[in-house]
Amino acid sequence: MAAEPAHFFADLTHVSMKPLAWWQNQFTRVGFDLRADELPLGEFRNHQVVASPRHKYAEMPSDVLQQRCLDQLGAAQRHTREGQWQTARRGLESTLALLDHVEADGGCAAAWKPRVYTQLARCAQMAGNTEEAQGFLLLARSLPPTRHAA
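In the numbering used here, the protein residues as written are 800 to 949.
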């Protein structure tokens, strides 16, 4: 049976400079699924193991997902207006990670991804990162057409 995340992280005395494979084994052993596409071989993503409790998002109601996305989009707009591009970007990237987890657990989150990428493009444009903004717009446009998110 998988340990609850709070239990697993309650005592951080086990944290040390262990090899990545050791950490991957520890997370798998206590019931997490590693996001292989987000964790390049031999590297941490921003010095973090990217993992999610198995099936955590399988039954997430659509109204809860909608509210979380709307909250993050609103916060990103506010941070962008305040000139806090990195804060806005981190929030939007975490929203994309959430949407990936929902989809990995069998949920439908595709309608939100174009909106998040479009907001990332706006943030990048306001920060003067024109090339990055164009890249985010290309990502938004490359996604398959879905019904629009509310």
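Backbone N, C-alpha and C define an ideal beta-carbon position, used for all residues, glycine too.
Less than 8 Å between the CB atoms is what I'm expecting for residue i and residue j, so what's the real figure, rounded?
i	j	result
T894	A887	Going by Cβ atoms, the distance from T894 to A887 rounds to 11 Å, so no, they are not a contact pair.
G890	A857	Their Cβ separation, rounded to whole angstroms, is 24 Å, which puts G890 and A857 out of contact at 8 Å.
K912	L864	The Cβ separation is near 12 Å, so there is no contact.
A875	C922	6 Å
A908	V901	4 Å
A903	A920	Their Cβ separation, rounded to whole angstroms, is 25 Å, which puts A903 and A920 out of contact at 8 Å.
R867	L897	7 Å
If you run the structure through DSSP and keep just helix, strand and coil, what is residue i?
i	result
E902	helix
L869	helix
For the ligand FMN, is there a heavy atom less than 7 Å away from the beta-carbon of residue i?
i	result
T827	Questions concerning the ligand FMN fall outside what the structure shown contains, since it holds no ligand whatsoever.
* Asked: When the Cβ atoms of the segment 905-920 are set against those of the segment 929-937, are three or more pairs found closer than 8 Å?
  -> yes
* Asked: Counting only runs that start and end within the segment 920-948, where is the alpha helix (DSSP H) found for 4 or more residues in a row?
  -> 929-941
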